[in-house]
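A short write-up of the structure that comes next.
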Amino acid sequence: MFNNRQEAGEKLALKLKKNINSTDESKRDFIVVALLRGGIILGKKISDYLKIPLMPLAVKKIGAPPNPELAIGAVTFDKISYFDNKLIKYLNVDGDYVDRVLNEKWKEIENFQNKFVRKNFLEDKKVIIVDDGVATGATAICASFYAKKEKARQVILAAPVIEKDTLRNIRRYFDKIVSLRIVNSLGSVGQFYKYFPQITDEEVLNLLI
Numbered sequence: 000m001f002n003n004r005q006e007a008g009e010k011l012a013l014k015l016k017k018n019i020n021s022t023d024e025s026k027r028d029f030i031v032v033a034l035l036r037g038g039i040i041l042g043k044k045i046s047d048y049l050k051i052p053l054m055p056l057a058v059k060k061i062g063a064p065p066n067p068e069l070a071i072g073a074v075t076f077d078k079i080s081y082f083d084n085k086l087i088k089y090l091n092v093d094g095d096y097v098d099r100v101l102n103e104k105w106k107e108i109e110n111f112q113n114k115f116v117r118k119n120f121l122e123d124k125k126v127i128i129v130d131d132g133v134a135t136g137a138t139a140i141c142a143s144f145y146a147k148k149e150k151a152r153q154v155i156l157a158a159p160v161i162e163k164d165t166l167r168n169i170r171r172y173f174d175k176i177v178s179l180r181i182v183n184s185l186g187s188v189g190q191f192y193k194y195f196p197q198i199t200d201e202e203v204l205n206l207l208i
């Protein structure tokens, strides 16, 4: 268990340093893409420690009708989306529901992203996607789609905790995955933190100054 996101970010930064083989000269090839809001504190720690740029990215999960916390997909601010079609079929989720919620979530985060975005070009960059935990992997995969659309050279996922089955299922979407803990079951990311508050817009802005 981690005390808070700050501690998790510090530990993740140390492990990343051992895994990405960066030199002072090659650091210009890297950029941290922190998923809002949960990944921003960890992303800032990693960005400062490795001395590489930080870019916030708004990705919103699309929850299942009976359980909004269960992600059946995700969408970015520019409407790049990912859906777990097997899960959608298993839950018998109606196509109209998917279309409606996709548009609702996209409109929410389009404005949200515009609050924080600092345009960083990802073309030919080694992108480190950071979140505070990975349960279903939907938002991480969606972020990977965004990075690849932007012509990133390499896409790395970094998260303190990842569910074991999810790790196996999402490997193909990333060039490398770096994690501190692989767990059998991850019902809630917050259960692996002693202190896990909601992050406010003001906190995000302060971290980006």
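Position 113 (the sequence shown) corresponds to 112 in numbering that gives the first Met the number 0; numbering is contiguous.
Note that the Cβ used here is the ideal one computed from N, Cα and C, for glycine as well.
Here the structure is a predicted model, which means the values were calculated and not measured.
- For L90 and A63, believed in contact at Cβ under 8 Å, the rounded distance: 5 Å
- Message: Mapping the DSSP letters down to three states, classify Q112 as helix, strand or coil.
- Response: helix
- Query: Does the beta-carbon distance from I112 to A158 come in below 7 Å?
  - Reply: Sequence check: residue 112 is Gln here, not Ile. Not in contact: Q112 and A158 (Cβ atoms no closer than 7 Å).
- Could you tell me which uninterrupted alpha helix (DSSP H) segments, each at least 4 residues in length, are contained entirely in the stretch 111–170, listed from first to last along the chain? 137–148, 163–169
- Message: Three or more C-beta pairs under 8 Å: does that hold for the stretch 91–109 against the stretch 172–180?
- Response: no
- Message: Rounded to whole angstroms, what is the Cα-Cα separation between E6 and L86?
- Response: 34 Å
- Message: One question on the structure: do I45 and K26 come within less than 7 Å of each other, judged by their Cβ atoms?
- Response: no
- Evaluate the contact criterion for the stretch 3–19 versus the stretch 154–168: three or more CB pairs, one atom per stretch, below 8 Å. yes
- Query: Of all the options P67, T75, N2, which has the alpha carbon lying nearest to the alpha carbon of Y145?
  - Reply: T75
- Item | Simplified DSSP state of G38, which is helix, strand or coil | coil
- Item | Run of the alpha helix (DSSP H) containing K60, from where it starts to where it stops | Taken as a continuous stretch (DSSP letters only), K60 belongs to no alpha helix (DSSP H), being part of the beta strand (DSSP E) at 53–63.
- Query: Per DSSP, what kind of secondary structure is S187 in: helix, strand or coil?
  - Reply: coil
- Item | Same chain, Cβ closer than 6 Å to D183, five either side skipped, listed in chain order | Reading the sequence as shown, one finds Asn at residue 183 and not Asp. Result list for N183: K163, in chain order.
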